[in-house]
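These notes concern the structure reproduced below.
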Amino acid sequence: MSYEDVIPLLGDFGRYQKKIYFLLCLPAILCAFHKLGNVFLIAEPNYRCKLPYEFSNASYKLESSEWEKWFPYNKTSGTFSSSCIVNVENSSDTKSCEEFIYDHDAYGYTSVIEWNLTCNKAYLIAIGNSLFMFGVMAGSIGFGEMSDRWGRKKTFFLSLVIQVVFGTIAAVAPEFWSFSIARAIVGATTSGVFLVAYVIGLEMVGSSKRMIAGTICQIFFSIGYMLTAVFAIYITDWRKLQFALTIPGLIFMTYWWLIPESARWLVSKNRIEDAKKCIQTAAKYNKVEISDKTLDDLLKPTEDQAKAIEVDKRQPTIFDIFRYRRLRNRSLIIFYDWFANNITYYGLSWNTNNLGGNPYLNFVISGAVEIPAYIFLLLTLNRWGRRNILSGCMITAGVALILTMLVPQNMQWLTVTLAMIGKLAITASYGTIYIFSTESFPTVVRNAGLGAGSTCARVGSITAPFVNVASHIWKPLPLLVFGFLAFLGGVMSLILPETLNRKLPESFEEGEAFGTKADKIQDDELGGMEAAEKVVNNKENANAATELLKKQ
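Residues -17 to 534 (my numbering) make up the sequence shown, in order.
Now the structure itself:
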């Protein structure tokens, strides 16, 4: 039998699981701080050349006559040609700026101002953002593998310590490259903190509660999304802001004494005694009694699980899934869905400046629109199924974005409306892919599988800015690209097996059989008498399961 059979005895989402789960959701806010902090840390404010008669602390604002005198003006477009050149006094010539005056009203004092990342250095802003996302991608691979080998808890705390250390280093970095490298390492740790906490939370609840657990965790990330702007409003110096976004990580150091190792992971590693201690702690808090003999009967490895333990001795990796045809094909579609969701999500999110007005308000709104998407998931995922929601939302997002091609130029409001429908739909599918992936990969490589999916997602977020540049070729082109990618992923996802209320696969063999007709027959009455008798392989375990079920 397996850990899945223990959960009903504890309660699918008992008092103990709720307490631990809530604690695990809070770090998602911290990860949102770091993932979205660059929007304000390296924000590019309005700027102009410093005029010959000005001091370095001069105001950005000038009289209109001064603007016309010193800066090239394009009469056709009614705008100033460039913020990087200035007219030569008493001449018709222009020259490149040597010093700059910045507008501090919008973003305060950013790293762009400190290091003059403008004009011929503006490309460094894009490099800084790309390095951060490369860090996230590397962390998805490294910490995912580490979690499956060393344990969820150790990986969580190692990444948390590294996050606090390098987040502080970034706050005191003397120049751009040390800042960007420190931020990239912080980006890597967000995978170790968020993904590992996410997996621990989902592994400790029953199948009927995994949807709620997975979705609420995403809502905490959206809360962190919005709070990032609140921090930036009141902390206008980028160094202090970076420190303020990092220091809450110290609070989570106390989790070492509060958060247990994943009992499911312990069972997968055949550390039965350690798993029993975790289960008994939960049982005591939930005010239920489970004897050690009952746990021995339930946790005794089946033939398939024994094979999984032997495989584990050879240190399984995410690449082992490619040895199994069905598991390989499903995994490739899931990886593509991660990519398509991420490139569309970030491609749309990074267009918020087009709304005009207050950048902080726009940022908060961009985070707030995600809440209805997650509420939709809470209401539908356990009714309509993971695959149906994932596929349906990706197709909806794709159709909405593709339809922007047909909108007349004088109906910009309709383009915005379709884009927002796309953002809501892709947010819902993005929330679903986390749950769907967690339920699809076997326990022996679950965290690594989630990390590999997240890696594919980072490829999307790194690519998204380049797709947005295509608007200079044809304005609707980026939305069409995002729409096509999302639509294709939605169609391919229709062939994936449903994971709603299904027993999580433990071994590669169970993962390969997952979704087949034989597997569905065996899993139909999980937790009942017939299912208990089917999952045991000898008369002694069958009798133990029968006696146990009679007591319930």
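Note that the Cβ used here is the ideal one computed from N, Cα and C, for glycine as well.
Counting C-beta atoms within 10 angstroms of its own C-beta, residue 75 has fewer than 16 neighbours from the protein chains shown and is therefore classed as exposed. Residue pairing for residue 303: DSSP places it in no beta bridge. In this chain, the beta strand (DSSP E) harbouring residue 82 covers 82 to 84. By the Cβ neighbour-count rule, residue 394 is exposed, with fewer than 16 other Cβ atoms within 10 Å of its own. Per DSSP, the continuous alpha helix (DSSP H) segment holding residue 111 begins and ends at 105 to 132. At a Cβ-Cβ threshold of 8 Å, residue 268 and residue -7 count as neighbours. Relative to the Cα of residue 209, the nearest Cα in the group 448, 197, 328, 223 belongs to 223. With contacts defined as CB atoms closer than 8 Å, residue 13 and residue 148 fail to qualify as a contacting pair.
In this structure, the straight-line span from the alpha carbon of residue 382 to that of residue 194 is close to 27 Å.
When only Cα atoms are considered, residue 30 and residue 168 end up about 33 Å apart. The segment 365 to 377 makes no contact with the segment 307 to 315: fewer than 3 CB pairs, one atom from each, lie closer than 8 Å.
DSSP places residue 70 outside both helix and strand once states are collapsed to three, so it counts as coil. Under the three-pair Cβ rule at 8 Å, the segment 172 to 180 counts as touching the segment 425 to 441. Cβ-Cβ distances below 6 Å link residue 242 to 260 in the same chain, with the five nearest sequence neighbours on each side left out; the list follows chain order.
Residue range 46 to 52 is occupied by the alpha helix (DSSP H) that includes residue 51. Of the other Cβ atoms in all chains shown, fewer than 16 fall within 10 Å of the Cβ of residue 154; this residue is therefore exposed. For residue 76, no alpha helix (DSSP H) encloses it; the enclosing beta strand (DSSP E) starts and ends at 76 to 78. Taking 4 residues as the minimum length, the alpha helix (DSSP H) runs contained wholly in the segment 303 to 379 are 307 to 331, 341 to 350, 352 to 366, in order along the chain. In this structure, the straight-line span from the alpha carbon of residue 190 to that of residue 482 is close to 8 Å.
Annotation for residue 493: 309, 424, 487 place their beta carbon closer than 6 Å to its own, counting only its chain and skipping 5 residues before and after. Minimum Cα-Cα distance from residue 357 among the listed residues 346, 410, 41 corresponds to 410. With respect to residue 7, residue 198 sits close: the two C-beta atoms are nearer than 8 Å. Taken atom to atom, the span from the alpha-carbon of residue -3 to that of residue 187 is near 11 Å.
Put simply, of 263, 307, 127, 254 the residue whose alpha carbon is nearest the alpha carbon of residue 2 is 263. Under DSSP, the beta-bridge partners assigned to residue 30 are 83. Under DSSP, the beta-bridge partners assigned to residue 91 are 219. Rounded to whole angstroms, the separation of the alpha carbons of residue 273 and residue 227 is 45 Å. Each of 215, 229, 103 was checked against the Cα of residue 11, and the nearest Cα belongs to 229. The segment 157 to 164 and the segment 96 to 116 touch, with three or more beta-carbon pairs separated by less than 8 Å.
Counted as a single uninterrupted DSSP element, the alpha helix (DSSP H) harbouring residue 256 occupies residues 254 to 268.
Residue 20: member of the alpha helix (DSSP H) spanning 20 to 23, first to last residue. Shown here, residue 486 sits in coil according to DSSP, grouped into three states, outside any helix or strand. Annotated as proximal: residue 417 and residue 196, with beta-carbon spacing under 8 Å. Rounded to the nearest whole angstrom, the CA to CA distance from residue 471 to residue 343 is 32 Å. Note that the C-beta distance between residue 341 and residue 104 is not below 8 Å. At a Cβ-Cβ threshold of 8 Å, residue 178 and residue 303 do not count as neighbours.
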